[in-house]
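A.B. asks: One line per chain: the protein sequences are A and B, in this order. Quick note, the first sequence lines up with residues 1296 to 1406 if you use this note's numbering. Quick note, the second sequence lines up with residues 1296 to 1406 if you use this note's numbering. We treat Cβ as the ideally placed atom computed from N, Cα and C, and that holds for glycine. Got a structure for you, questions after.
Number of protein chains: 2
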Amino acid sequence: MRAPTQTDRVFDALGDPTRRAILERMSKDPMPASALVKPLGMTLAGVVQHLQVLEACGLISSKKEGRVRTCQIQPKGLSIAMKWISERQAQWERRLDALADLLNEDDETDD
Amino acid sequence: MRAPTQTDRVFDALGDPTRRAILERMSKDPMPASALVKPLGMTLAGVVQHLQVLEACGLISSKKEGRVRTCQIQPKGLSIAMKWISERQAQWERRLDALADLLNEDDETDD
DNA sequence: GTGATACTAAAGTTCACGCTTGACTACTCC
DNA sequence: GGAGTAGTCAAGCGTGAACTTTAGTATCAC
Chain A
1296 MRAPTQTDRV
1306 FDALGDPTRR
1316 AILERMSKDP
1326 MPASALVKPL
1336 GMTLAGVVQH
1346 LQVLEACGLI
1356 SSKKEGRVRT
1366 CQIQPKGLSI
1376 AMKWISERQA
1386 QWERRLDALA
1396 DLLNEDDETD
1406 D
Chain B
1296 MRAPTQTDRV
1306 FDALGDPTRR
1316 AILERMSKDP
1326 MPASALVKPL
1336 GMTLAGVVQH
1346 LQVLEACGLI
1356 SSKKEGRVRT
1366 CQIQPKGLSI
1376 AMKWISERQA
1386 QWERRLDALA
1396 DLLNEDDETD
1406 D
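Have a look at this one:
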């Protein structure tokens, strides 16, 4: 219903194993779409659709020279996912800390 | 075709916005499934299906007491996703470093 | 016991997503 | 120019996933 945030789009993109495989290859080297056809065992059109999703959410960028479009990872996109995860972890740790404080207070009142 | 790894399962789970909403709430406080019915606007059965996915991949854990099953975040699950992301970022940075080294070598031979 | 709550399990529906196909454009090389 | 390559676009197909519904079990409160 509500418009998807960039975090939504990034996690949606990362949710597909083929797209993660693309990112794994691209984090080693930039490459054109056609280079992914054989390793992924899929048509060029299929590959391109994945690349569009990855580019739309900022996980990769691409530049067309002549007839070949070269794509490369955009680390900033990954850090959006990173941020969401570490926020959840931080929240959980804050909760544990608060719990510990509560227990300490009980100890003190016990004295 | 090949069996999904835990990383696959974690990212698949995180790919759904409803499941991320569940994790956001649970990182503040543990809660039973029924507590999510109203905020998510969905039947209990639907909520439980999401919780099963989250538990199967290790993102949450649950314990049943009486008739209520209380769930809480399992930070270890999140760190699996974290690891994958930082590996990609590290790979990309290594690539940039190698590129920089190459340029430096060229500079030296220019002297 | 009765009724309400909290969950479980199975089956059915619906719709979005991943992928292919086919037709097209643009560039490169002979 | 012609042949082959790289990519784009639109349409369509099939499957899986996110729900719901229905029916059941177990627990709590009275």
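(1) Looking at chain B, is there any beta carbon in it that lies within less than 8 Å of the beta carbon of Leu1349/A?
(2) Is it the case that the region 1327-1343 of chain B contacts the region 1386-1396 of chain B, given that we only count it when at least three CB pairs across the two stretches are under 8 Å?
(3) Look at the alpha carbon of Ser1381/B and the alpha carbon of Ala1298/B, and state the distance between them as a whole number of angstroms.
(4) If contact is defined by three or more beta carbon pairs under 8 Å, each pair taking one atom from either stretch, is the region 1352-1364 of chain A in contact with the region 1337-1355 of chain B?
(5) Do you know offhand how far Leu1318/B's Cα is from Val1343/B's?
(6) Which partner residues of Val1363/A appear in the DSSP bridge assignment?
(7) Look at the Cβ atom of Ala1328/A, then the Cβ atom of Leu1349/A, and state whether they are nearer than 8 Å.
(8) Give the residues from the region 1344-1372 of chain B that approach chain A closer than 8 Å (Cβ to any Cβ), ordered along the chain.
(9) Quick one: what does DSSP say Glu1388/A is sitting in, helix, strand or coil?
(10) According to a CB-to-CB cut-off of less than 8 Å, which residues of the region 1309-1339 of chain B neighbour chain A?
(11) Distance cutoff 8 Å, beta carbons only. Does Asp1396/A sit that close to anything in chain B?
(12) Would you verify that the beta carbon of Arg1390/A is, or is not, closer than 8 Å to some beta carbon of chain B?
(13) Against chain A, does Gln1384/B count as a neighbour if the rule is that its beta carbon must be under 8 Å from one of theirs?
(14) Output needed for Gly1372/B: all residues of its chain with C-beta closer than 7 Å, excluding positions within five of it in sequence on either side, in chain order.
(15) Comparing the C-beta of Ala1393/B with each C-beta of chain A, is any distance below 8 Å?
(16) When you compare the CB positions of Arg1383/A and Ile1375/B, do they come within less than 8 Å of one another, or not?
(17) With a CB to CB cut of under 7 Å and the five nearest residues on each side skipped, what residues in its chain are close to Ala1316/B?
C.D. replies: Looking at the atomic coordinates:
(1) Using beta-carbon distances, Leu1349/A does not count as an interface residue toward chain B, since no partner is under 8 Å.
(2) With the cut-off at 8 Å, the region 1386-1396 of chain B and the region 1327-1343 of chain B do not touch.
(3) 23 Å
(4) no
(5) Spanning the two alpha carbons is a distance of roughly 13 Å.
(6) Glu1360/A
(7) For Ala1328/A and Leu1349/A, no; Cβs fall outside 8 Å.
(8) Ile1368 and Pro1370
(9) Correct three-state label for Glu1388/A: helix.
(10) Leu1309, Gly1310, Asp1311, Pro1312, Arg1315, Leu1318, Glu1319, Ser1322, Lys1323 and Asp1324
(11) Any Cβ of chain B closer than 8 Å to the Cβ of Asp1396/A would place that residue at the interface, and such an atom is absent.
(12) yes
(13) Closer than 8 Å: yes.
(14) Val1305, Cys1352, Gly1353 and Leu1354
(15) no
(16) no
(17) Leu1335
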